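Enquirer:
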Amino acid sequence: MYERKIPEDLECGINISMKVLSGKWKPCIIDGINKGIRRPSELHAAIDVAAPRVINMQLRELEAYGLICKKIYPGLPLRVEYYLTELGESTLPIIQALDQWGNENREHVRKIVLQLQE
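First residue of the sequence shown? That's 2 in the working numbering, and the numbers climb one at a time after it.
1) With a cut-off of 8 Å, do at least 3 Cβ pairs link the stretch 94-111 to the stretch 45-59?
2) With a cut-off of 8 Å on the beta carbons, I'd call leucine 88 and leucine 63 a contact; round off their distance for me.
3) Give a yes or no on whether the C-beta atoms belonging to leucine 99 and proline 28 are separated by under 8 Å.
4) Is it the case that the Cβ atoms of tyrosine 120 and isoleucine 31 are separated by a distance below 8 Å?
5) Should glutamine 59 go down as buried or exposed, given a rule of 16 or more other Cβ atoms within 10 Å for buried?
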């Protein structure tokens with residue numbers, strides 16, 4: 002098993018927040034579930050640039066941290082839906098602030114990204 006050379010600093014609030022929310026698609030998953038996208042197939046369609054395997058992995062991590070809960074409905078075909086927990090709902094102001102900042106700075110960031118790719 003992998004052993005970290007430098008221990009994680011879980012005394013810093015920013016580090017704790019980043020530990021839980023970092024991951025390319027986690028904020029998008031939380032936002033999607035908040036907007037009513039509940040089934041894994043719907044999340045895969047909404048975030049179509051991400052591999053389903055990655056979305057599934059990040060769903061498991063969000064569930065492990067207690068931000069989302071998974072409801073499995075009995076019967077066939079198997080139906081699974083995800084919901085935000087109270088802890089997950091507490092992240093919404095952060096997610097919304099990230100979305101607002103990104104929208105307000107979209108053109109600036111696009112320009113810099115293009116320059117860095119040259």
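Where a beta carbon is used, it is the ideal one built from N, C-alpha and C, also for glycine.
On a predicted model such as this, the values are computed, not experimentally measured, just so you know.
Expert: Answer, in terms of the structure:
1) no
2) That pair is no contact at about 10 Å.
3) yes
4) In the structure displayed, the chain extends from 2 to 119; residue 120 sits before or after that span and is not available.
5) buried
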